[in-house]
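>
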Amino acid sequence: MSLRIPLRSSRHARSSPSSGAGAAAVVAPPLALSDAPPPAGGAASSPDCRTPTSGLTQPDRALSRRVAIIGKKIRSQPVVNRASFDRLREPAGNCPPDTALLVLVTSAADQLGASPGGARHVGWLRPPARPRGVSSGRPVNQDDTELLRTEADRHGDILQENFRDSYHNLTLKTMMGLRWAEERCPQAKFVVKTDDDIYWNLPLLMSHLDSLNENRFITGCIKQLSAPAALSADGRPAPPGHPQFAAGAGYVVSGDLVADLYQAALRVPLLPVEDVFITGYCAKMAQAWPPKHHTGFSCGDILSDDCDLVQLFNAHKITPARQYLIWEKFSTEPNPCMDF
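The sequence shown begins at 419 in the numbering used here and counts up by one.
(1) To the nearest angstrom, how far is it from the Cα of L481 to the Cα of D613?
(2) Sorted by chain position, which residues of the same chain lie with C-beta nearer than 6 Å to P708's C-beta, five sequence neighbours on each side aside?
(3) Give the list of continuous beta strand (DSSP E) stretches no shorter than 3 residues that lie fully inside the region 553 to 600.
(4) Give the range of the alpha helix (DSSP H) segment to which I744 is assigned.
(5) Measure the alpha-carbon distance for R740 versus A704 and round it to whole angstroms.
(6) P621: which of N732, I492, N499 and G489 sits nearest, CA to CA?
(7) Could you tell me the alpha carbon to alpha carbon distance between P752 and C717, rounded to whole angstroms?
(8) Give the straight-line distance between the Cα atoms of T750 and A701, rounded to the nearest whole angstrom.
(9) Which of the three DSSP states, helix, strand or coil, is assigned to K490?
(10) Can you tell which of T524, G638, D678 and T737 has its C-alpha closest to the C-alpha of T592?
(11) Grab the span of the beta strand (DSSP E) containing Y669 for me, first residue to last.
(12) Figure out for me which residue from Y699, E601, P509 and P604 has the closest Cα to the Cα of Q642.
(13) Could you check what DSSP says for R505 in three-state terms: helix, strand or coil?
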């Protein structure tokens with residue numbers, strides 16, 4: 419399965435193409451907070467949301483003890499899902515120590531070359547930067563396999579594991595990205611999981627995230643849906659409804675939660691509905707539930723005017739061609755969308 423997951427930090431994010439039934443992920447170079455241009459109105463930065471490792475105050479020590487207890491409790495539960503598949507490709511090296519934001523973009527293999535820059539234009543950020551990696555599952559046909567190989571050789575940003583590329587394996591794609599983030603980018607302050615038809619206003623998002631003084635959280639467009647009639651073909655009864663969850667088109671996980679969220683994903687019975695599974699059930703096991711709603715995240719509304727993105731964190735159902743045009747518009751000096 420193919421999944422495209424761009425992993426970017428605030429320093430290097432751009433834009434990505436629309437998602438499909440593949441398991442591929444793009445891993446962009448990490449962004450440092452100092453590299454992100456200020457948003458309109460400029461928000462002041464606030465302390466790092468992650469728990470410090472030295473010079474701890476009494477509340478910090480209490481938080482560290484609580485986090486350690488939660489992690490130990492999670493890992494004491496039996497693993498019920500496959501921990502990993504053979505890794506076929508991955509970006510070289512680890513994230514820089516000053517990584518602020520890592521962006522994981524899920525995509526189908528046939529979308530990798532869909533537009534100039536492909537999955538590599540996920541958001542407005544200057545200077546432009548090329549992603550470090552794309553993660554993917556095993557494509558169904560040989561053409562997609564060759565496309566993945568070409569993209570990996572050209573950009574060095576493909577993360578790929580040996581599972582079948584299909585829509586129902588989207589949960590495995592996100593788990594693959596979380597695993598990579600835990601192993602190779604544990605210093606990231608925030609991790610974005612997004613689809614490849616989403617465009618991001620990264621300066622505004624980073625300004626908002628940097629203003630938060632919170633630990634272990636998920637934020638996005640929060641939803642709650644009724645559960646299906648049964649969770650599996652063997653007729654297991656469903657709960658009355660799923661827990662609240664962040665819509666999978668685009669949500670943010672604080673970096674200090676990533677490891678526990680991935681470990682929980684190994685221990686919660688697997689669901690093919692990725693956002694419900696990760697940000698609902700797994701977040702509950704990791705004691706990071708409910709996720710936090712913010713109106714800056716798209717809940718599926720169509721963006722009628724590109725300039726509306728000035729006040730939003732992201733926009734939904736943006737074609738690859740339009741993503742590139744938006745990126746060019748927002749990278750122009752002066753920005754036509756800020757000509758008040």
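For glycine and all other residues, C-beta sits at the position ideal for the given N, C-alpha and C.
Reading from the atomic positions:
(1) 33 Å
(2) Q662
(3) 576 to 582
(4) P738 to F748
(5) 38 Å
(6) N732
(7) 30 Å
(8) 40 Å
(9) helix
(10) T524
(11) G668 to S672
(12) Y699
(13) strand
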